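In my numbering, the protein residues as written are 1 to 155.
To start, the structure under review is shown below, and the notes come after it.
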């Protein structure tokens with residue numbers, strides 16, 4: 001059973017937008033020198049990032065001089081998840097962790113939803129001055145925590 005707090009956080013983020021792109025919420029606190037981007041629900045059935053989003057919304061007083069952007073990566077799959085769909089809750093047409101090497105040039109009008117969503121986000125953040133990006137994933141069963149840290153230019 002999903003908690004009401006996660007559902008509320010999802011609704012808040014889903015209804016937010018940045019430059020007309022849904023599922024993006026930017027919070028600027030103080031006079032930030034760095035911008036951080038937190039991506040969540042790349043897979044619709046991985047709501048862990050929403051707990052962090054909810055925490056930040058409730059405790060903005062704990063943060064200082066930070067520019068945080070929260071991104072609901074896969075709006076459709078997360079909607080299926082929260083609406084109780086039995087299928088297409090991880091992704092609807094394409095796993096966003098498996099984008100083609102030709103991205104973004106390969107995206108066309110009839111491309112899978114996830115390609116089009118990735119292009120929207122790519123367009124939003126291309127050229128932006130971002131200090132760090134982190135992508136929060138979760139598993140349905142216990143798994144030890146893991147952090148992968150890549151320096152700028154790593155692939």
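Glycine included, every Cβ here is placed at the ideal spot set by N, Cα and C.
Just so we're clear, the structure is a prediction, and the values are computed from it rather than from any experiment.
Exercise for the section: Kindly confirm or deny that the segment 56-67 and the segment 20-34 touch, where touching means at least three C-beta pairs closer than 8 Å. Expected result: yes
Problem - Check whether residue 44 and residue 90 have beta carbons under 8 Å apart - result: On the chain shown, position 44 is the one that residue 44 refers to. On the chain shown, position 90 is the one that residue 90 refers to. Yes. Within cutoff.
Practice task
Note the first and the last residue of the continuous beta strand (DSSP E) segment covering residue 135.
Solution key: Here the question's residue 135 lines up with position 135 in the chain shown. From DSSP, the beta strand (DSSP E) with residue 135 extends over 132-136.
Handout entry: Residue environment, residue 118, which counts as buried when at least 16 other CB atoms sit within 10 Å
Key = As a working mapping, residue 118 is identified with position 118 in the chain shown. Residue 118 should be labelled buried.
Problem - residue 13: first and last residue of the uninterrupted alpha helix (DSSP H) it sits in - result: Along the chain shown, read from residue 1 onward, the residue named residue 13 stands at position 13. That run of the alpha helix (DSSP H) goes 4-14.
Handout entry: Opening and closing residue of the beta strand (DSSP E) in which residue 28 lies
Key = Position 28 of the chain shown, counted from the start, is the residue given in the question as residue 28. Note, residue 28: beta strand (DSSP E), 24-29.
Exercise for the section: Report the partner residues of residue 21 according to the DSSP bridge assignment. Expected result: On the chain shown, residue 21 is found 21 positions in, with the first residue counted as 1. Paired residues: 18.
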